[in-house]
């Protein structure tokens, strides 16, 4: 499900089961993240699938990438793997107006 920035952020903040998922590469990740995000690089192919299969399917995932394309793809894959609630950030982090932090 594609959400605007405001909807995506508001839902993530109000959701006790929210997990923010960054599907960009490690280099992109190191340039700055949305606070609280975890990183699983969609370009890892089968490694991405394995990592997604390990996630708690009862949680709600708020997914982003650089521009919204990879995260939309990730949401589709997550749905196919049994994660019902995966929300794509339209426009990705490049159009993000919200908080950005450095990964630890």
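Residue numbers (full-length UniProt numbering): 1 to 104. Note that CB positions come from ideal geometry on N, CA and C, so glycine has one too.
task = Give the C-beta separation of residue 92 and residue 66 to the nearest angstrom, bearing in mind that I take them to be a contact with Cβ-Cβ under 8 angstroms.
result = 5 angstroms
Residues near residue 79 in its chain [Cβ-Cβ closer than 8 angstroms; skip 5 each side] = 86
query = Do residue 9 and residue 90 have their C-beta atoms within less than 9 angstroms of each other?
reply = no
query = Mind pulling the beta strand (DSSP E) runs of 3 or more residues that sit fully within the UniProt domain "Rhodanese" (14-102)?
reply = 18-22, 60-64 and 86-89
ask   = Which residue from 59, 21, 63 and 43 puts its Cα closest to that of residue 2?
value = 63
query = From this set, 15, 18, 24 and 12, which residue's C-alpha is nearest residue 45's C-alpha?
reply = 24
key: Cβ separation of residue 5 and residue 97, assumed to be a contact under 8 angstroms, to the nearest whole Å   = 6 angstroms
Rounded straight-line distance, which links the Cα of residue 21 to that of residue 39 = 6 angstroms
query = If you compare alpha carbons, which of 52, 35, 36 and 37 is closest to residue 43?
reply = 52
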